[in-house]
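S.K.:
Numbering (our numbering), first residue to last: 1 to 365.
1. Helix, strand or coil for residue 60? Go by DSSP, reduced to three states.
2. Roughly how many angstroms separate the alpha carbons of residue 12 and residue 41, rounded to a whole number?
3. Report the partner residues of residue 241 according to the DSSP bridge assignment.
4. May I have the straight-line CA-CA distance separating residue 243 from residue 272, to the nearest angstrom?
5. According to the Cβ coordinates, are residue 60 and residue 49 closer than 8 Å?
6. Among 174, 160 and 134, which has the Cα closest to the Cα of residue 146?
7. With residue 325 as the anchor, note down where its beta strand (DSSP E) starts and where it stops.
8. Am I right that residue 74 and residue 217 are in contact with their C-beta atoms under 8 Å? What's the rounded C-beta distance?
9. At 3 residues or longer, and completely inside the region 6 to 61: list those beta strand (DSSP E) runs for me, N to C.
10. Can you tell which of 253, 360, 313 and 233 has the C-alpha that lies nearest to the C-alpha of residue 266?
11. Report the three-state DSSP secondary structure of residue 296 (helix, strand or coil).
12. Count the other C-beta atoms from every protein chain shown that fall within 10 angstroms of the C-beta of residue 156, then say buried if there are 16 or more, exposed otherwise.
13. Assuming the contact rule is C-beta atoms closer than 8 Å, residue 329 and residue 291 should be a hit. Round their C-beta distance to whole Å, please.
14. Please classify residue 192: is it buried, with 16 or more other beta-carbons within 10 angstroms of its beta-carbon, or exposed?
15. Please name the residue in 189, 338 and 180 whose C-alpha comes closest to that of residue 204.
16. For residue 301, which residues from the same chain have a beta carbon less than 8 Å from its beta carbon, with the 5 sequence-adjacent residues on both sides left out?
17. CA-CA distance, residue 118 and residue 82?
18. Measuring alpha carbon to alpha carbon, tell me which residue in 190, 169, 172 and 171 is nearest residue 179.
19. Taking DSSP's pairing of strands, which residues face residue 83 in a bridge?
20. Using the rule of at least 16 other Cβ atoms within 10 Å of the residue's Cβ for burial, across every protein chain shown, is residue 77 buried or exposed?
21. What do you get for residue 137, buried or exposed, if any count of 16 or more other CB atoms within 10 angstroms of its CB means buried?
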């Protein structure tokens, strides 16, 4: 059995430029650093790990925190949400807490993150950075190399394990220091500043809020499905189907035994999933969903218009497959509609009102 390699530090690696530069800054001091790339239904690109290793000269492993992250979201992040559905402070606390648990596994003694003081209004204010360190219980083992000289020295610097003089003093939203250091390292492809969390986006937040409207505690699979392809709802009827081959692959990876999986027979087209959230679907609803999905296949539409023949669609559930026939159309019986960003504000307002009503009344004496 191969012995696991030991490292001096574990680094939170989103795949954004800051996290890469934080790793390389400490590695420049001769220390061994392993990047932890956290994967949730809302962010994570573990397929990029081979590229990061080759292009940026870093070692990376994927860390699955899907259920842990979803539980944090559903239980209510202690520091609330940002503009949309992003729990940025609790997100960082969740990842750091998991990273602490992994330290013994890799023989590491401290953690690294790529935060820059003042760069992000919610999670990178000085008070937020302090709160994150306190809540995650990493105050004495967390190094922020990019802003270290703007922060109090850590035990790693005081002991001489890390040379403070070779760390940075970056602050604010500017990107010039990052770009200069990336050029110094010879990076030919500059990643985006953030890790691509869809909770910060209006469209992504709307999709998840719509799901939360009908499911009290969605599973990680539910959230992953809600992120993929096109999303249509008609009351409690939830329909997902692909726009691209990549979408189809993502949707296929989310299929559960109770789903109705729709696929056009004889024509290229989207893979679709009807996921029950309030009991099984009636036949008429499945036919209506299939007609909508078929309307997104140009060849199927043209064949139907030219020949008058209906389009055959396979419906698979729990290993059993039936075939139905439909006319491709977007003039449907059910009121299919994509979730709108306005839902997020309405949901957050209703949530705040519920929480206020449940809070104990405190009378002034």
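Beta carbons: idealized from backbone N, C-alpha and C, even for Gly.
M.R.: Taking the structure as given:
1. strand
2. 17 Å
3. 230 and 272
4. 10 Å
5. yes
6. 174
7. 320 to 326
8. 5 Å
9. 9 to 12 and 33 to 39
10. 313
11. coil
12. buried
13. 5 Å
14. exposed
15. 338
16. 294, 295 and 328
17. 16 Å
18. 190
19. In the DSSP output, where bridge partners are listed per residue, residue 83 has none listed.
20. buried
21. exposed
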